[in-house]
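In order, the protein sequences belong to chains S and R.
Reminder that position 39 of the first sequence reads as 38 in numbering that gives the first Met the number 0, one-by-one numbering, no gaps.
Reminder that position 68 of the second sequence reads as 67 in numbering that gives the first Met the number 0, one-by-one numbering, no gaps.
From the three backbone atoms N, C-alpha and C, an ideal C-beta is built for every residue, glycine too.
Below: one structure, written as structure tokens.
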Amino acid sequence: MTEFVSVYAFWTIWLFVHLILAVGLLGALTHQAMAVALPARQPSGGIVTRFRSVSAAGYATAVCVLWVLTFLVGSFIYTKYRTYIRIPLEEGHYYKTGGFFDFKENVATLGLVLLPAYWYFWKNVENPEYDNARKGVTLVLAVMCWFLFIVGHVLNNTRGFGS
Amino acid sequence: MSLSKTTTSDIAPWSSSLAHSRKFKAFATTFSISGPVVYCAVEFFNWPLVTYWPATNRLVWGYEGMTKGEGPNMLWYGWTVTTVLIAAALGIVAMMLPERVTNKIPLALVWIFPILAIPYVIYALMPWWTLAMRH
Chain S
0 MTEFVSVYAF
10 WTIWLFVHLI
20 LAVGLLGALT
30 HQAMAVALPA
40 RQPSGGIVTR
50 FRSVSAAGYA
60 TAVCVLWVLT
70 FLVGSFIYTK
80 YRTYIRIPLE
90 EGHYYKTGGF
100 FDFKENVATL
110 GLVLLPAYWY
120 FWKNVENPEY
130 DNARKGVTLV
140 LAVMCWFLFI
150 VGHVLNNTRG
160 FGS
Chain R
0 MSLSKTTTSD
10 IAPWSSSLAH
20 SRKFKAFATT
30 FSISGPVVYC
40 AVEFFNWPLV
50 TYWPATNRLV
60 WGYEGMTKGE
70 GPNMLWYGWT
80 VTTVLIAAAL
90 GIVAMMLPER
100 VTNKIPLALV
110 WIFPILAIPY
120 VIYALMPWWT
130 LAMRH
């Protein structure tokens, strides 16, 4: 691969792929979380009402696929993070930044293991037995996703693109 | 011997049949409920299935502590794989249980356990927070 692009460009492309997947995941999960937390009674109205009134069940498989893909690409980039990013962070005493990244990796795994039940609950959206569990797991995943995204963004600002 | 007729359910997508399978429900809910608990236990007891050495691109079975000249080791991959395997095994066991047993599993645990796991995860990262407070 390094015959076609530089090592720097190679990892930057993967970081960018990770970002694009994360943006898609964040959008899908936020739509779903809004739809379950504040369901809109009628689809028309302002932008916030329209945002809440999506057909939330249709996002379930996409969310699972995007979470797994983002997780896999993130895991791949992580190998370079451990040597080329984390060590300079420690040398610069950016311990909170490093700690929050480790927190992020743990949260990503905790989210990953929720996906089978999350998918099942959304695929049985007509069954009221799963309403509360579906709402709870969707909100937890949405909060996790925002946390992962913000920590990743801050870390990228600390030592990411262009560093 | 009569040939079975093709019904709507026969040609339905795999995801549809999976979504309405009681066995898959038992697997999915058990996997997701046990996952956060297993992950905390795996991290606490430090049971990575593999240890990865990024500087030397070396992957070894189980836990391997820091050694000179090999750079840092990575345990998170191993913790994640161990967690997935144990949670999947528990899910498979749940599939074999009678429905009256698996129906008693409180579904709310799917979102309660990951929330309860967060304080432990923060605690497990104490070396980072301690260093942050000192500098």
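- When the Cβ atoms of the stretch 106-118 of chain S are set against those of the stretch 33-40 of chain R, are three or more pairs found closer than 8 Å? yes
- Quick one: grab the DSSP three-state call for MET33 of chain S. On the first sequence, position 34 is the one that residue 33 of chain S refers to. Correct three-state label for MET33 of chain S: helix.
- Message: Measuring only the C-alpha atoms, how far is THR6 of chain R from PHE146 of chain S?
- Response: Along the second sequence, one-based indexing puts residue 6 of chain R at 7. Along the first sequence, one-based indexing puts residue 146 of chain S at 147. Confidence at THR6 of chain R is low in this model, with a pLDDT of 44, below 50, so the placement of that residue should be treated as unreliable; the coordinate-derived value is given next. Cα to Cα, the separation comes out at about 46 Å.
- Query: How many Å lie between ALA55 of chain S and ALA132 of chain S at the Cα?
  - Reply: Within the first sequence, residue 55 of chain S is the residue found at index 56, counting from 1. Within the first sequence, residue 132 of chain S is the residue found at index 133, counting from 1. Straight-line Cα distance between these residues: approximately 15 Å.
- Task: Provide the residue span of the alpha helix (DSSP H) that contains TYR117 of chain S, from first to last.
- Result: Locating residue 117 of chain S in the first sequence gives position 118, counting from the first residue. Start and end: 114-122.
- Got a sec, what are the start and stop residues for the beta strand (DSSP E) TYR51 of chain R sits in? Your numbering for residue 51 of chain R matches position 52 in the second sequence. Its beta strand (DSSP E) spans residues 49-52.
- Item | Cross-chain neighbours of PHE30 of chain R in chain S, by beta carbon under 8 Å | Residue 30 of chain R sits at position 31 when you count from the first residue of the second sequence. Under the 8 Å cutoff, chain S gives VAL112, PRO115, ALA116.
- Determine, using beta carbons only, whether VAL35 of chain S comes closer than 8 Å to chain R. Start at 1 with the first residue of the first sequence, and residue 35 of chain S comes out as number 36. False, the Cβ-Cβ gap to chain R never drops below 8 Å.
- Message: Does the CB of ILE121 of chain R have a neighbour CB from chain S at under 8 Å?
- Response: Along the second sequence, one-based indexing puts residue 121 of chain R at 122. Closer than 8 Å: yes.
- Query: In whole angstroms, what is the alpha-carbon distance linking ALA86 of chain R and LEU65 of chain S?
  - Reply: Numbered from 1 along the second sequence, position 87 holds the residue referred to as residue 86 of chain R. Numbered from 1 along the first sequence, position 66 holds the residue referred to as residue 65 of chain S. Their backbone Cα atoms lie some 21 Å apart in a straight line.
- Query: Where ASP101 of chain S and GLY70 of chain R are concerned, what is the direct C-alpha to C-alpha distance, given to the nearest angstrom?
  - Reply: Stepping through the first sequence from its first residue, residue 101 of chain S is reached at position 102. Stepping through the second sequence from its first residue, residue 70 of chain R is reached at position 71. Going from the Cα of ASP101 of chain S to the Cα of GLY70 of chain R covers about 18 Å.
- Item | Beta-carbon proximity of TYR117 of chain S to LEU106 of chain R, cut-off 8 Å | Within the first sequence, the letter at position 118 stands for residue 117 of chain S. Within the second sequence, the letter at position 107 stands for residue 106 of chain R. It is not a contact, given that the beta carbons lie outside the stated cut-off.
- Task: Return yes when the Cβ of ALA34 of chain S is within less than 8 Å of the Cβ of LEU138 of chain S, no when it is not.
- Result: Walking along the first sequence from the start, residue 138 of chain S turns up at place 139. Walking along the first sequence from the start, residue 34 of chain S turns up at place 35. No, the Cβ-Cβ distance between LEU138 of chain S and ALA34 of chain S is not below 8 Å.
- Minimum C-alpha distance to ALA54 of chain R - residue among R:ASN72, R:LYS24, R:GLY61, R:VAL109: Indexing the second sequence from 1 puts residue 54 of chain R at position 55. Taking only the C-alpha atoms, the option nearest ALA54 of chain R is R:ASN72.
- Is the CB-CB distance between VAL41 of chain R and TRP78 of chain R below 8 Å? In the second sequence, the residue the question calls residue 41 of chain R occupies position 42. In the second sequence, the residue the question calls residue 78 of chain R occupies position 79. Their beta carbons are under 8 Å apart, which means VAL41 of chain R touches TRP78 of chain R by this criterion.
- Query: In terms of DSSP beta bridges, what is ARG99 of chain R paired with?
  - Reply: Counting from 1 along the second sequence, the entry for residue 99 of chain R is found at position 100. Its beta-bridge partners do not exist; DSSP assigns none.
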